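Every letter in the sequence shown is one number past the one before it in this note's numbering, and letter 31, counting from 1, is 912.
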Amino acid sequence: YTCAVTIFTVTSSYSSPYTLTVSVAPPTVSATHHASSYEIGGTQVNLTCTSTSGSGTYEWKLNDDIISGATNSEYALPNKNNTAAGNYTCTVTISTVTSPYSSPYTLTASVATPTISATNNATIYMIGGYLVTLTCSSTPDIGTYEWKLNGDIISGATMSEYAV
């Protein structure tokens, strides 16, 4: 910007230029439902991109790769498997000014601890050849199974049920 002043019929020369820089502060990313982890197959995780400079057009990245179609201030993880884990960043464009990307928000994946039950819940005495079936279950019921006895892997025991 420059300016000149006219007093009566005399006009001054123009001032030295003044440069005005417009910038948008980096946004922040936070998640609802979970602090920094999610359970595979558990409740939905929504990430939120917050700009102190106002709203505009958003862009999300996962591990520095643009997430196609993620252009809103909120991003709901569409498929919570282990590929949803990583570093999420966002940027916002207000008018024609684009902010720097936010600091990364790291999201990690975890699997719920499974539970084991038996067809007979009381102590079983193996006299007379009773068959006991142990069942391992988890939510969601995906993945592979591994059974151990006294800390040693039982060879071939890779199903959700194990017959003793």
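By construction, the Cβ of each residue, glycine as well, lies at the ideal position given by its N, Cα and C atoms.
For clarity, every value in this text was computed on a predicted model and none was experimentally measured.
Pop quiz: Y939 and T952 are said to be a contact at Cβ under 8 angstroms. What is the actual Cβ separation, rounded to whole angstroms? 6 angstroms
Could you give the first and the last residue of the continuous beta strand (DSSP E) run that contains A885? That residue, A885, is in no beta strand (DSSP E); it is neither H nor E in DSSP.
I'd like to confirm something about T972: is its beta-carbon nearer than 7 angstroms to some heavy atom of the ligand SAH, or not? As for the ligand SAH, it is missing from this structure, which has no ligand bound.
In its own chain, which residues sit with a C-beta less than 6 angstroms from the C-beta of V1045, not counting the 5 before and 5 after it? The beta carbon of V1045 is closer than 6 angstroms to those of V1013 in its chain, skipping five residues each way along the sequence.
My output table needs one value for T977: the three-state DSSP class, helix, strand or coil. coil
In the DSSP assignment, what residue or residues form a beta bridge with S1018? T996
Opposing strand residues paired with V1045 [DSSP bridges]: As far as DSSP is concerned, V1045 takes part in no beta bridge.
Reduced DSSP secondary structure (H/G/I, E/B, other) of T964: helix
Is the separation between the beta-carbon of S1041 and that of I975 shorter than 8 angstroms? no
According to DSSP, is N927 helix, strand or coil? strand
Counting C-beta neighbours from all protein chains within 10 Å, is the total for T900 16 or more, i.e. buried, or is it exposed? Taking a 10 Å sphere around the C-beta of T900, we find fewer than 16 other C-beta atoms and assign the residue as exposed.
Less than 8 angstroms between the CB atoms is what I'm expecting for A966 and T989, so what's the real figure, rounded? 5 angstroms
Tell me the rounded alpha-carbon separation between S936 and G950. 17 angstroms
Alpha carbon to alpha carbon, what distance is there between S1018 and T970? 35 angstroms
Does the beta-carbon of L1030 have 16 or more other beta-carbons within 10 angstroms, so that it is buried, or is it exposed? exposed
Rounded C-alpha distance that separates A886 from S893: The question names Ala, yet the displayed sequence has Val at residue 886. The straight-line gap from Cα to Cα measures roughly 5 angstroms.
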